[in-house]
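First the structure, in the form of C-alpha coordinates, and then the observations on it.
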Amino acid sequence: MISRAVRYSTSLATGLLLVATHAAAQVPPTARALGMGGAYVATARGHEALFLNPANLGLPGTPYWSIAMPQIGISGSTAGPTFPELYEIIKASKAEPSRRSELLAQVPADGMQIEMDARLPLVAIQSRHLVLGASYGSVVDHSIGKDLIDLFVNGYEEGRTDYTAGNTTGSRATFVDFAAGYGRRVGPISLGVTGHYILGRTLSRAKLFEPRIDPGAETIEVEYREVMARGGQGYGVDVGAAYQPARGLTVSAVIANAFARMKWNESLTTRSLLITHDDFGAPSRHWEDKLSAYAREEEDVDPDATPLSVYETARDLYEGAYFPTTLRAGIAYRLEPTRTQVEASYQRHLSAGRLGGAWEQGVAVGIQQRIPLLVLRGGAATNLDGATLLGVGITLGSIELGAARLEDQMENGTPRTGWVGTFGLNIRTRSSMP
10 MISRAVRYST
20 SLATGLLLVA
30 THAAAQVPPT
40 ARALGMGGAY
50 VATARGHEAL
60 FLNPANLGLP
70 GTPYWSIAMP
80 QIGISGSTAG
90 PTFPELYEII
100 KASKAEPSRR
110 SELLAQVPAD
120 GMQIEMDARL
130 PLVAIQSRHL
140 VLGASYGSVV
150 DHSIGKDLID
160 LFVNGYEEGR
170 TDYTAGNTTG
180 SRATFVDFAA
190 GYGRRVGPIS
200 LGVTGHYILG
210 RTLSRAKLFE
220 PRIDPGAETI
230 EVEYREVMAR
240 GGQGYGVDVG
250 AAYQPARGLT
260 VSAVIANAFA
270 RMKWNESLTT
280 RSLLITHDDF
290 GAPSRHWEDK
300 LSAYAREEED
310 VDPDATPLSV
320 YETARDLYEG
330 AYFPTTLRAG
340 IAYRLEPTRT
350 QVEASYQRHL
360 SAGRLGGAWE
370 QGVAVGIQQR
380 IPLLVLRGGA
390 ATNLDGATLL
400 GVGITLGSIE
410 LGAARLEDQM
420 ENGTPRTGWV
430 GTFGLNIRTR
440 SSMP
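Given below as C-alpha coordinates:
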(Lines of atoms letter the chains of each structure in order from A; the text may use other names.)
(Lines give C-alpha, C1' and ligand atoms only; values in the text may rest on other atoms or scores of the structure.)
Protein backbone atom coordinates (compact mmCIF):
# COMPACT_ATOMS: atom_id res chain seq x y z
CA MET A 10 0.00 0.00 0.00
CA ILE A 11 1.87 3.10 1.18
CA SER A 12 4.41 1.57 3.60
CA ARG A 13 7.43 3.86 3.98
CA ALA A 14 5.91 6.46 1.69
CA VAL A 15 3.46 7.29 4.44
CA ARG A 16 6.30 8.71 6.50
CA TYR A 17 7.03 11.12 3.70
CA SER A 18 3.46 11.91 2.93
CA THR A 19 3.15 12.62 6.60
CA SER A 20 6.07 14.98 6.33
CA LEU A 21 3.26 16.75 4.59
CA ALA A 22 0.96 15.99 7.50
CA THR A 23 3.70 16.96 9.95
CA GLY A 24 5.16 19.16 7.20
CA LEU A 25 1.77 20.73 7.36
CA LEU A 26 3.03 21.75 10.79
CA LEU A 27 6.05 23.46 9.41
CA VAL A 28 4.09 25.67 7.07
CA ALA A 29 1.88 26.67 9.66
CA THR A 30 -0.28 30.46 15.06
CA HIS A 31 -1.92 30.19 18.32
CA ALA A 32 -0.48 27.67 20.67
CA ALA A 33 -2.35 26.09 23.51
CA ALA A 34 -0.55 28.37 25.93
CA GLN A 35 2.43 30.58 25.32
CA VAL A 36 5.70 29.05 26.47
CA PRO A 37 7.09 30.84 29.56
CA PRO A 38 10.37 32.61 28.74
CA THR A 39 12.54 30.57 31.15
CA ALA A 40 12.68 27.07 32.61
CA ARG A 41 12.27 28.57 36.09
CA ALA A 42 9.03 30.28 35.08
CA LEU A 43 7.61 27.09 33.55
CA GLY A 44 8.55 25.06 36.61
CA MET A 45 6.36 27.37 38.72
CA GLY A 46 3.46 27.11 36.28
CA GLY A 47 4.16 30.59 34.92
CA ALA A 48 3.80 32.22 38.35
CA TYR A 49 7.11 34.06 38.12
CA VAL A 50 6.39 37.75 37.51
CA ALA A 51 7.40 38.86 41.02
CA THR A 52 10.08 36.19 41.52
CA ALA A 53 12.15 36.93 38.39
CA ARG A 54 15.55 38.50 39.00
CA GLY A 55 18.55 39.31 36.84
CA HIS A 56 18.28 38.51 33.13
CA GLU A 57 14.86 36.89 33.69
CA ALA A 58 13.35 40.34 34.29
CA LEU A 59 13.89 41.26 30.62
CA PHE A 60 10.89 39.30 29.32
CA LEU A 61 8.80 39.35 32.53
CA ASN A 62 9.08 42.73 34.28
CA PRO A 63 12.06 45.09 33.92
CA ALA A 64 11.08 46.87 37.14
CA ASN A 65 12.41 43.86 39.06
CA LEU A 66 15.93 44.99 38.09
CA GLY A 67 15.68 47.65 40.79
CA LEU A 68 14.67 45.27 43.58
CA PRO A 69 16.87 43.83 46.33
CA GLY A 70 18.12 40.37 45.44
CA THR A 71 19.08 41.33 41.88
CA PRO A 72 22.48 39.79 41.05
CA TYR A 73 25.28 42.12 40.05
CA TRP A 74 25.38 40.29 36.75
CA SER A 75 23.79 37.25 35.13
CA ILE A 76 23.94 35.50 31.78
CA ALA A 77 21.64 33.02 30.07
CA MET A 78 22.68 31.31 26.84
CA PRO A 79 20.69 29.66 25.48
CA GLN A 80 17.15 29.00 26.71
CA ILE A 81 14.91 26.63 24.74
CA GLY A 82 11.17 26.27 25.22
CA ILE A 83 8.81 24.22 23.05
CA SER A 84 5.08 23.62 23.44
CA GLY A 85 2.97 21.19 21.42
CA SER A 86 -0.66 20.12 21.68
CA THR A 87 -3.14 18.11 19.64
CA ALA A 88 -6.92 18.09 19.48
CA GLY A 89 -8.06 14.55 18.78
CA PRO A 90 -5.30 11.93 18.83
CA THR A 91 -2.49 12.50 21.33
CA PHE A 92 1.12 12.80 20.15
CA PRO A 93 1.84 9.06 20.77
CA GLU A 94 -1.33 8.18 18.84
CA LEU A 95 -0.35 10.61 16.08
CA TYR A 96 3.02 8.87 15.77
CA GLU A 97 1.19 5.55 15.48
CA ILE A 98 -1.06 7.01 12.78
CA ILE A 99 2.04 8.11 10.86
CA LYS A 100 3.27 4.52 10.88
CA ALA A 101 -0.21 3.04 10.43
CA SER A 102 0.47 1.59 6.97
CA LYS A 103 2.45 -1.18 8.70
CA ALA A 104 -0.46 -2.01 10.99
CA GLU A 105 -3.21 -4.54 10.38
CA PRO A 106 -6.33 -3.18 8.64
CA SER A 107 -8.33 -3.50 11.87
CA ARG A 108 -5.78 -1.39 13.76
CA ARG A 109 -5.77 1.23 10.99
CA SER A 110 -9.54 1.47 11.34
CA GLU A 111 -9.19 1.91 15.11
CA LEU A 112 -6.64 4.69 14.69
CA LEU A 113 -8.73 6.49 12.10
CA ALA A 114 -11.74 6.27 14.41
CA GLN A 115 -9.81 8.31 16.99
CA VAL A 116 -9.74 11.29 14.60
CA PRO A 117 -12.78 13.58 15.12
CA ALA A 118 -15.20 13.87 12.21
CA ASP A 119 -14.04 17.44 11.52
CA GLY A 120 -10.36 16.44 11.63
CA MET A 121 -7.58 17.11 14.10
CA GLN A 122 -5.61 20.20 15.09
CA ILE A 123 -1.93 20.46 15.94
CA GLU A 124 -0.43 23.53 17.60
CA MET A 125 3.18 24.30 18.41
CA ASP A 126 4.95 27.24 20.04
CA ALA A 127 8.72 27.64 20.30
CA ARG A 128 10.45 30.38 22.28
CA LEU A 129 14.23 30.43 22.22
CA PRO A 130 15.84 33.24 24.22
CA LEU A 131 19.19 33.00 22.44
CA VAL A 132 21.09 35.19 24.88
CA ALA A 133 20.37 37.52 27.79
CA ILE A 134 23.07 39.49 29.60
CA GLN A 135 22.34 41.53 32.73
CA SER A 136 24.65 43.92 34.54
CA ARG A 137 23.21 45.69 37.57
CA HIS A 138 20.14 47.61 36.37
CA LEU A 139 20.56 46.96 32.62
CA VAL A 140 19.77 43.84 30.61
CA LEU A 141 20.10 43.05 26.90
CA GLY A 142 18.82 40.02 25.05
CA ALA A 143 17.57 38.39 21.87
CA SER A 144 14.91 35.72 21.46
CA TYR A 145 13.63 33.67 18.52
CA GLY A 146 9.95 32.77 18.36
CA SER A 147 7.83 30.47 16.19
CA VAL A 148 4.08 30.03 16.48
CA VAL A 149 2.41 27.28 14.44
CA ASP A 150 -1.17 26.08 14.00
CA HIS A 151 -2.50 23.50 11.54
CA SER A 152 -5.74 21.58 11.20
CA ILE A 153 -5.95 18.41 9.10
CA GLY A 154 -9.17 17.01 7.62
CA LYS A 155 -10.11 13.41 8.41
CA ASP A 156 -10.30 12.37 4.75
CA LEU A 157 -6.73 13.56 4.21
CA ILE A 158 -5.57 11.43 7.13
CA ASP A 159 -7.54 8.52 5.65
CA LEU A 160 -5.66 8.93 2.36
CA PHE A 161 -2.32 8.89 4.17
CA VAL A 162 -3.25 5.85 6.23
CA ASN A 163 -5.13 3.72 3.69
CA GLY A 164 -4.24 5.19 0.31
CA TYR A 165 -6.77 6.12 -2.39
CA GLU A 166 -9.81 3.85 -2.48
CA GLU A 167 -10.59 3.39 -6.15
CA GLY A 168 -14.13 4.33 -7.04
CA ARG A 169 -14.68 6.50 -3.98
CA THR A 170 -15.80 10.02 -4.93
CA ASP A 171 -16.68 11.67 -1.61
CA TYR A 172 -13.20 12.65 -0.35
CA THR A 173 -13.12 16.21 0.99
CA ALA A 174 -10.33 18.56 2.10
CA GLY A 175 -12.17 19.36 5.31
CA ASN A 176 -10.69 22.19 7.33
CA THR A 177 -7.10 21.53 6.28
CA THR A 178 -5.53 24.93 6.83
CA GLY A 179 -2.55 26.30 8.71
CA SER A 180 -0.59 29.36 9.65
CA ARG A 181 2.90 30.13 10.88
CA ALA A 182 4.80 33.14 12.19
CA THR A 183 8.50 33.35 13.01
CA PHE A 184 10.34 36.36 14.40
CA VAL A 185 13.37 37.55 16.38
CA ASP A 186 12.92 39.86 19.38
CA PHE A 187 15.86 42.13 20.25
CA ALA A 188 15.24 43.66 23.68
CA ALA A 189 16.85 46.07 26.14
CA GLY A 190 15.52 46.63 29.65
CA TYR A 191 16.33 48.98 32.52
CA GLY A 192 14.94 49.14 36.05
CA ARG A 193 15.72 51.33 39.04
CA ARG A 194 14.23 52.33 42.37
CA VAL A 195 12.55 55.70 42.63
CA GLY A 196 11.82 56.14 46.30
CA PRO A 197 10.20 52.95 47.64
CA ILE A 198 9.03 51.79 44.18
CA SER A 199 11.10 50.26 41.42
CA LEU A 200 10.19 51.31 37.88
CA GLY A 201 11.32 49.67 34.67
CA VAL A 202 10.99 49.74 30.91
CA THR A 203 11.89 47.29 28.15
CA GLY A 204 12.11 48.20 24.49
CA HIS A 205 11.66 45.52 21.83
CA TYR A 206 12.67 45.60 18.18
CA ILE A 207 10.83 42.79 16.37
CA LEU A 208 12.38 41.43 13.21
CA GLY A 209 9.71 39.48 11.37
CA ARG A 210 11.01 36.43 9.52
CA THR A 211 8.02 34.63 7.99
CA LEU A 212 4.25 34.99 8.12
CA SER A 213 2.38 32.30 6.20
CA ARG A 214 -0.98 30.69 5.60
CA ALA A 215 -1.61 27.35 3.92
CA LYS A 216 -4.71 25.62 2.58
CA LEU A 217 -5.61 22.28 1.02
CA PHE A 218 -8.17 22.63 -1.76
CA GLU A 219 -10.96 20.19 -2.56
CA PRO A 220 -9.84 17.01 -4.35
CA ARG A 221 -10.38 16.70 -8.07
CA ILE A 222 -11.63 13.17 -8.68
CA ASP A 223 -12.07 11.45 -12.05
CA PRO A 224 -14.31 8.41 -11.39
CA GLY A 225 -13.80 7.07 -14.91
CA ALA A 226 -10.01 7.12 -14.71
CA GLU A 227 -10.15 6.30 -10.99
CA THR A 228 -7.68 9.07 -10.13
CA ILE A 229 -7.52 11.82 -7.52
CA GLU A 230 -5.40 14.95 -7.14
CA VAL A 231 -5.32 17.65 -4.47
CA GLU A 232 -3.53 21.00 -4.34
CA TYR A 233 -1.82 22.21 -1.18
CA ARG A 234 -1.04 25.94 -1.45
CA GLU A 235 1.07 28.14 0.83
CA VAL A 236 1.36 31.96 0.71
CA MET A 237 4.09 33.79 2.65
CA ALA A 238 5.16 37.29 3.62
CA ARG A 239 8.92 37.18 4.07
CA GLY A 240 10.15 39.82 6.49
CA GLY A 241 8.64 42.50 8.65
CA GLN A 242 9.49 44.76 11.53
CA GLY A 243 7.91 46.28 14.58
CA TYR A 244 8.47 47.47 18.09
CA GLY A 245 7.03 47.11 21.56
CA VAL A 246 7.49 48.88 24.89
CA ASP A 247 6.89 47.23 28.27
CA VAL A 248 6.41 49.40 31.36
CA GLY A 249 6.46 47.94 34.85
CA ALA A 250 6.55 48.68 38.56
CA ALA A 251 7.55 46.61 41.57
CA TYR A 252 7.41 47.16 45.32
CA GLN A 253 8.56 45.36 48.45
CA PRO A 254 6.27 46.53 51.29
CA ALA A 255 7.84 44.11 53.78
CA ARG A 256 10.86 41.85 54.00
CA GLY A 257 10.42 38.86 51.70
CA LEU A 258 7.22 40.21 50.11
CA THR A 259 7.25 41.42 46.48
CA VAL A 260 4.43 42.91 44.42
CA SER A 261 5.18 43.26 40.71
CA ALA A 262 3.13 44.31 37.66
CA VAL A 263 3.88 45.11 34.03
CA ILE A 264 2.00 46.07 30.90
CA ALA A 265 3.77 44.32 28.04
CA ASN A 266 3.50 45.98 24.63
CA ALA A 267 1.87 49.05 26.16
CA PHE A 268 2.98 50.75 22.96
CA ALA A 269 3.49 48.46 20.00
CA ARG A 270 3.37 48.15 16.22
CA MET A 271 4.07 45.33 13.77
CA LYS A 272 4.12 45.55 9.98
CA TRP A 273 4.81 42.60 7.70
CA ASN A 274 6.11 42.77 4.14
CA GLU A 275 3.29 43.26 1.63
CA SER A 276 5.17 41.52 -1.19
CA LEU A 277 4.09 37.89 -1.13
CA THR A 278 5.61 34.62 -2.28
CA THR A 279 3.86 31.31 -2.86
CA ARG A 280 4.44 27.63 -3.51
CA SER A 281 2.18 24.66 -4.08
CA LEU A 282 2.24 20.89 -3.85
CA LEU A 283 0.09 18.77 -6.15
CA ILE A 284 -0.59 15.29 -4.77
CA THR A 285 -1.98 12.74 -7.21
CA HIS A 286 -3.26 9.18 -7.18
CA ASP A 287 0.22 7.90 -8.07
CA ASP A 288 1.88 9.75 -5.19
CA PHE A 289 0.06 7.80 -2.51
CA GLY A 290 1.74 4.55 -3.51
CA ALA A 291 5.10 6.01 -4.49
CA PRO A 292 8.39 4.86 -2.91
CA SER A 293 10.07 6.92 -0.22
CA ARG A 294 12.64 8.41 -2.61
CA HIS A 295 9.81 9.83 -4.70
CA TRP A 296 8.41 11.65 -1.66
CA GLU A 297 11.84 12.93 -0.67
CA ASP A 298 12.28 14.47 -4.11
CA LYS A 299 8.74 15.83 -4.21
CA LEU A 300 8.95 17.57 -0.84
CA SER A 301 12.43 18.91 -1.57
CA ALA A 302 11.14 20.41 -4.82
CA TYR A 303 8.20 21.93 -2.93
CA ALA A 304 10.56 23.59 -0.45
CA ARG A 305 12.66 25.07 -3.29
CA GLU A 306 9.96 26.26 -5.67
CA GLU A 307 8.93 29.45 -3.82
CA GLU A 308 8.11 32.25 -6.28
CA ASP A 309 6.94 35.84 -6.12
CA VAL A 310 3.22 36.50 -6.40
CA ASP A 311 2.45 38.40 -9.60
CA PRO A 312 -0.70 40.51 -9.04
CA ASP A 313 -1.43 40.39 -12.80
CA ALA A 314 -1.18 36.61 -13.14
CA THR A 315 -2.15 35.08 -9.84
CA PRO A 316 -4.12 31.82 -9.50
CA LEU A 317 -7.36 32.10 -7.57
CA SER A 318 -6.00 29.62 -5.03
CA VAL A 319 -3.35 32.19 -4.00
CA TYR A 320 -5.99 34.80 -3.16
CA GLU A 321 -8.09 32.27 -1.26
CA THR A 322 -5.08 31.09 0.74
CA ALA A 323 -3.83 34.61 1.52
CA ARG A 324 -7.18 35.69 2.95
CA ASP A 325 -6.71 37.05 6.51
CA LEU A 326 -2.93 36.50 6.28
CA TYR A 327 -2.21 39.74 8.16
CA GLU A 328 -5.21 39.69 10.48
CA GLY A 329 -4.07 39.75 14.12
CA ALA A 330 -0.43 39.10 13.15
CA TYR A 331 0.98 41.19 15.99
CA PHE A 332 1.53 41.03 19.75
CA PRO A 333 -1.31 41.90 22.13
CA THR A 334 -1.02 44.39 24.95
CA THR A 335 -0.83 42.19 28.04
CA LEU A 336 -1.16 42.83 31.77
CA ARG A 337 0.93 40.63 34.05
CA ALA A 338 0.88 40.93 37.85
CA GLY A 339 2.23 38.79 40.65
CA ILE A 340 2.77 38.69 44.39
CA ALA A 341 5.57 36.59 45.87
CA TYR A 342 6.66 35.79 49.41
CA ARG A 343 9.96 34.32 50.54
CA LEU A 344 10.13 32.39 53.81
CA GLU A 345 13.73 33.00 54.83
CA PRO A 346 14.22 30.17 57.38
CA THR A 347 13.11 27.46 54.93
CA ARG A 348 14.32 29.19 51.73
CA THR A 349 10.88 28.67 50.24
CA GLN A 350 9.38 31.07 47.69
CA VAL A 351 5.69 31.09 46.75
CA GLU A 352 3.94 33.22 44.14
CA ALA A 353 0.50 33.84 42.70
CA SER A 354 0.14 35.67 39.40
CA TYR A 355 -2.48 36.87 36.93
CA GLN A 356 -2.22 37.59 33.21
CA ARG A 357 -4.72 39.05 30.74
CA HIS A 358 -4.61 40.24 27.14
CA LEU A 359 -5.86 43.82 26.93
CA SER A 360 -6.02 43.90 23.13
CA ALA A 361 -6.19 41.52 20.18
CA GLY A 362 -3.16 39.84 18.63
CA ARG A 363 -2.50 36.19 17.77
CA LEU A 364 1.24 36.17 18.51
CA GLY A 365 0.83 36.24 22.28
CA GLY A 366 -0.54 32.77 23.04
CA ALA A 367 -4.10 31.44 22.97
CA TRP A 368 -4.96 32.04 26.64
CA GLU A 369 -6.77 35.36 26.88
CA GLN A 370 -6.23 35.29 30.62
CA GLY A 371 -4.66 33.04 33.21
CA VAL A 372 -4.13 32.55 36.93
CA ALA A 373 -1.07 30.68 38.22
CA VAL A 374 0.40 29.63 41.56
CA GLY A 375 3.88 28.26 42.13
CA ILE A 376 6.40 27.25 44.75
CA GLN A 377 10.18 27.13 44.74
CA GLN A 378 12.28 25.27 47.33
CA ARG A 379 16.03 25.54 47.71
CA ILE A 380 17.84 22.52 49.12
CA PRO A 381 21.55 21.66 49.05
CA LEU A 382 22.76 21.51 45.43
CA LEU A 383 19.23 21.75 43.98
CA VAL A 384 16.30 24.10 43.50
CA LEU A 385 12.93 22.36 43.01
CA ARG A 386 9.81 23.99 41.57
CA GLY A 387 6.17 23.17 41.04
CA GLY A 388 3.16 25.12 39.84
CA ALA A 389 -0.26 25.12 38.22
CA ALA A 390 -2.18 27.50 35.97
CA THR A 391 -5.65 27.81 34.47
CA ASN A 392 -7.23 30.08 31.87
CA LEU A 393 -10.44 30.17 33.99
CA ASP A 394 -12.28 28.43 31.14
CA GLY A 395 -11.33 24.78 31.57
CA ALA A 396 -7.72 24.74 30.36
CA THR A 397 -5.00 23.76 32.84
CA LEU A 398 -1.21 23.58 33.01
CA LEU A 399 0.76 21.61 35.62
CA GLY A 400 4.49 22.33 35.74
CA VAL A 401 7.61 21.07 37.50
CA GLY A 402 11.20 22.26 37.33
CA ILE A 403 14.69 21.77 38.68
CA THR A 404 17.94 23.74 38.80
CA LEU A 405 21.23 21.90 39.19
CA GLY A 406 24.15 24.29 39.14
CA SER A 407 23.89 26.20 35.85
CA ILE A 408 21.47 23.72 34.27
CA GLU A 409 17.75 24.47 34.39
CA LEU A 410 14.94 22.18 33.29
CA GLY A 411 11.17 22.60 33.22
CA ALA A 412 8.23 20.52 31.98
CA ALA A 413 4.46 20.95 32.02
CA ARG A 414 1.31 19.09 30.99
CA LEU A 415 -1.44 20.95 29.09
CA GLU A 416 -5.11 19.97 29.05
CA ASP A 417 -7.94 21.80 27.32
CA GLN A 418 -11.12 21.21 25.34
CA MET A 419 -12.23 22.61 22.00
CA GLU A 420 -15.64 24.21 21.48
CA ASN A 421 -16.97 20.98 19.94
CA GLY A 422 -15.95 19.02 23.04
CA THR A 423 -12.84 17.40 21.55
CA PRO A 424 -10.11 17.13 24.21
CA ARG A 425 -6.81 18.90 23.57
CA THR A 426 -3.65 17.66 25.30
CA GLY A 427 -0.01 18.59 25.07
CA TRP A 428 3.35 19.16 26.72
CA VAL A 429 5.75 22.02 27.29
CA GLY A 430 9.47 21.50 27.79
CA THR A 431 12.21 24.03 28.56
CA PHE A 432 15.97 23.88 28.98
CA GLY A 433 18.44 26.61 29.84
CA LEU A 434 21.95 27.44 30.96
CA ASN A 435 22.23 30.21 33.52
CA ILE A 436 25.19 31.85 35.29
CA ARG A 437 24.83 34.58 37.92
CA THR A 438 26.73 36.06 40.82
CA ARG A 439 26.01 34.64 44.25
CA SER A 440 26.06 38.12 45.76
CA SER A 441 23.22 40.52 44.98
CA MET A 442 22.48 44.21 45.12
CA PRO A 443 20.86 45.60 48.29
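Letter 7 of the sequence shown, counting from 1, is numbered 16 in the numbering used here, and no numbers are missing. All C-beta atoms, glycine included, are put in the ideal place defined by N, C-alpha and C.
(request) Look at the Cβ atom of Ala174, then the Cβ atom of Glu219, and state whether they are nearer than 7 angstroms. (result) yes
(request) Only counting runs of 4 or more residues, tell me where the alpha helix (DSSP H) segments fall wholly within the stretch 288-371, in order along the chain. (result) 293-305, 317-323
(message) Going by DSSP in three states, Asp223 sits in which element: helix, strand or coil?
(response) strand
(request) Check whether the stretch 185-192 touches the stretch 131-144, taking contact to mean three or more Cβ pairs, one atom from each stretch, closer than 8 angstroms. (result) yes
(request) Express the C-alpha separation of Ala323 and Pro79 in angstroms, rounding to a whole number. (result) 35 angstroms
(message) One question on the structure: do Tyr252 and Arg270 come within less than 7 angstroms of each other, judged by their Cβ atoms?
(response) no
(message) Mapping the DSSP letters down to three states, classify Val149 as helix, strand or coil.
(response) strand
(message) Taking the alpha-carbon of Leu399 as reference, which of Ala413, Ile408, Glu409, Gly240 has the nearest alpha-carbon?
(response) Ala413
(message) Using CA atoms only, rank isn't needed, just tell me which of Glu124, Leu258, Leu112, Leu336 is closest to Phe161.
(response) Leu112
(message) Here's the rule I'm using: 16 or more other beta-carbon atoms within 10 Å means buried, otherwise exposed. How should Ile380 be labelled?
(response) exposed
(request) Kindly list the residues whose CB is nearer than 6 angstroms to the CB of Arg234, restricted to its own chain and excluding five residues on each side of it in sequence; keep chain order. (result) Lys216, Ser281, Ser318, Thr322
(request) For Ser107, name the three-state secondary structure that DSSP assigns. (result) helix
(message) Within 10 Å of its beta-carbon, does Arg425 have 16 or more other beta-carbons around it, so buried, or fewer, so exposed?
(response) buried
(message) Across the stretch 256-265 and the stretch 295-308, are there enough close Cβ pairs to call them in contact, namely three or more that are closer than 8 angstroms?
(response) no
(request) List the whole-angstrom C-beta distance separating Gly55 from Ser75, where the pair is believed to meet the contact cut-off of C-beta under 8 angstroms. (result) 3 angstroms
(request) Please report how far the alpha carbon of Gly339 lies from the alpha carbon of Tyr49, in whole angstroms. (result) 7 angstroms
(message) So, at 6 angstroms on beta carbons, what are the nonlocal neighbours of Gly375 in its own chain, with the 5 sequence-adjacent residues on each side left out?
(response) Met45, Gly46, Ala48, Glu352, Gly388
(message) From the DSSP secondary-structure annotation, give me the bridge partner or partners of Thr203.
(response) Gly190, Asp247
(request) Taking all protein chains shown into account, decide if Asp287 is buried (16 or more other Cβ within 10 angstroms of its Cβ) or exposed. (result) exposed
(request) Measure the alpha-carbon distance for Tyr172 versus Asp223 and round it to whole angstroms. (result) 12 angstroms
(request) Report the rounded CA-to-CA distance for Arg394 versus Pro37, giving the unit in angstroms. (result) Just to set this straight, residue 394 is Asp in the shown sequence, not Arg. About 20 angstroms.
(request) My understanding is that Pro63 touches Tyr191, with C-beta atoms under 8 angstroms, so please give their C-beta distance in whole angstroms. (result) 6 angstroms
(request) Check Arg128 in the structure and name its three-state DSSP category. (result) strand
(message) Determine whether the beta carbon atoms of Gly366 and Trp273 lie at a separation below 7 angstroms.
(response) no
(request) Measuring alpha carbon to alpha carbon, tell me which of Gln370, Gln378, Thr335, Arg337 ends up nearest Arg343. (result) Gln378
(request) Tell whether a beta-carbon distance below 7 angstroms holds between Arg437 and Pro69. (result) no
(message) By the DSSP assignment, the beta strand (DSSP E) with Ala262 in it spans what residues?
(response) 258-273
(request) Please classify Thr279: is it buried, with 16 or more other beta-carbons within 10 angstroms of its beta-carbon, or exposed? (result) buried
(message) Taking the straight line between their C-alpha atoms, what separation do you get for Arg305 and Lys299?
(response) 10 angstroms
(request) State the Cα-Cα distance for the pair Glu345 and Leu139, rounded to the nearest angstrom. (result) 27 angstroms
(request) Name, in chain order, the residues that DSSP records as bridge partners for Phe184. (result) Gly146, Gly209
(request) Report the three-state DSSP secondary structure of Pro93 (helix, strand or coil). (result) helix
(message) I'd like to check one pair, Ala341 with Thr91: are the Cβ atoms closer than 7 angstroms?
(response) no
(request) Tell me whether the beta-carbon of Glu409 lies closer than 7 angstroms to the beta-carbon of Asn392. (result) no
(request) State the DSSP-derived secondary structure class of Glu167, mapped to helix, strand or coil. (result) coil
(request) Check the C-beta distance from Ala88 over to Gln115 and give it rounded, since I have them as a contact under 8 angstroms. (result) The Cβ separation is near 12 angstroms, so there is no contact.
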